[in-house]
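Heads up, the thing below is written out as structure tokens.
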Amino acid sequence: MHGIPVAVKDQLNSQGIRTTGGSSILADNVPDEDATAIARLKEAGSVLLGKLNMSEFASGDAFHHPYGRPRNPWDLDRNPGTSSSGSGAATAAFLCATSLGEDTGGSIRGPATFCGLVGIRPTWGRVSRYGMQAAAWSMDTAGPISRTVSDCAMTLEAIAGHDPKDPYTWDTPVPNYQANLSDDIRGLKVGVVKERVYTDVVDSEVGESVIRAIARLGELGADIEEVSLPMMVHSAAVSSLIIMVDAASLHREGLATHLDQYDYNNRIRLLAGSIVPAQAYQRALKARQALRQEILDALNQVDVLVMPTSSIPASLIPDRAGINSKQEVLDGYAGRRSFTSPFNLASVPALSVPCGFTGSNLPIGLQIAGRPFDEQTVFNTAYAYEQSNDWYKMHPDI
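Using the UniProt record's numbering, read the sequence shown as starting at 1 and increasing by one per residue.
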């Protein structure tokens, strides 16, 4: 990556450079050591241009952005994706060659699909989290957001691998993802998740584009079969509850000493997480394990799973904090949040690759998930699809 200009989500510590986590609470936080992921980017020869804006403390629900509102380069009135907002916006707008985001419940894949990019959430434990501010310890992982599959593969290879400073990283070999890219997917078994593809929850334009993308994989020689994963429809509720409780525990001292300095939406989320009954949290953990096993069992039968990355294209930026209605919350759990959350609960790699545009010229993403530590097959599936069309050549009018 010698000489390649990169930028990094402001959730990862940067030596001598302010690291705010998107919050005014950390406005004066200047780390004295790089996060391992940043250190490895530098070791690979890349040039760090700067830090990227984000939702406060990586919360997808945060409304206020003290360092400016991130906007989607395809439509400035729309959301570039939450949490890793700046990573999606900057990469799509050619402000950097590639970027790092962080994905707890979908915050790499969400900005990737909303901004027409390629983003991968690696297997949990593939990338060191040393020096990265936590959101929910059992799901957080750093990963790249890039303009092409090849760039994404190159960036992940640079940051992946065991780190003695992070005991949760796995000591497994890191392939040369970029050199091993192949567009030959003949005989690859592709599982189409029925509950997340053939459903009224998915916007019609999104659904049509994803179905066409799946058909294209079949034309390229993949064996397409439908799989049923009924637990997936509950994934957003399970994921959100676990993340809320974990986040509340991380911010316990802050909530007690300077509650008023948190974003309004984040404040509500953290306070709610503080009072979740233990038995509800325990049920969520059990449900997580059941869903993970369901996904792993499916991946014993097929090589990858495919479905939309999001049920909708990029949404309009809200004009005020708070929740408008109970229905809005229920729609969120049934819709967008239940498309990325299954794979962070299962700790498996999942990638978003552009697969079309709406009539309003908003990007649509196809999500591809694979077996633990088999990012190569996920990359190859995405690469074969990417190279068979021109979606990746389309860029916002900047």
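Just so you know, even glycine gets a beta-carbon here, dropped at the ideal spot from N, CA and C.
Note that the structure is predicted; figures quoted are calculated from it, not measured.
Q376: member of the alpha helix (DSSP H) spanning E375 to Q387, first to last residue. Within the DSSP secondary-structure output, N72 pairs in a beta bridge with D75. Relative to the Cα of A134, the nearest Cα in the group L188, A35, A213 and F373 belongs to A35.
Counted as a single uninterrupted DSSP element, the stretch harbouring G191 is not any alpha helix (DSSP H) but the beta strand (DSSP E) occupying residues K189 to V193.
In the displayed model, M244 falls within a helix according to three-state DSSP.
Here S84 is not near I159, since their CB atoms are 8 Å or more apart.
P313 sits close to T358, with the two beta carbons spaced by under 8 Å.
In this structure G221 is in contact with R186, their Cβ atoms being roughly 3 Å apart against a cut-off of 8 Å.
Under the DSSP assignment, G356 falls outside any alpha helix (DSSP H), being part of the beta strand (DSSP E) whose first and last residues are A350 to F357. Excluding the 5 residues flanking it on each side, R121 has same chain C-beta neighbours closer than 7 Å at D103, I108, R109, T141, G143, F343, N344, P349 and A350, in chain order. Taking the Cα of C115 as reference, the smallest distance to any Cα among A256, D75, C96 and V306 is reached at D75.
K9 carries a strand assignment under DSSP once its states are collapsed to helix, strand and coil. Bounds of any alpha helix (DSSP H) do not take in Q367; it lies within the beta strand (DSSP E) bounded by P363 to G370. V197 sits in a helix when the DSSP states are folded into three classes.
According to DSSP, S99 shares a beta bridge with A7 and I145.
The region 11–30 makes contact with the region 45–60, as at least three CB pairs between them are under 8 Å.
Partner residues in a beta bridge of G88, as assigned by DSSP, do not exist. P111: member of the alpha helix (DSSP H) spanning R109 to C115, first to last residue.
Pairing A382 with V202 gives a Cβ-Cβ distance that is not under 8 Å. The shortest C-alpha to C-alpha distance from P31 to any of K42, D10 and L49 is the one to D10. Your pair S388 and R147 does not check out as a contact, with CB atoms roughly 17 Å apart and the cut at 8 Å. With a threshold of 16 other beta carbon atoms within 10 Å, Q289 falls short and is exposed. Beta-carbon to beta-carbon, A37 and L12 are separated by about 6 Å, close enough to satisfy the 8 Å threshold.
Linking S46 to W124 through their CA atoms gives a straight-line distance of about 24 Å. DSSP, reduced to helix, strand and coil, places I317 outside both helices and strands of the structure shown, so it counts as coil.
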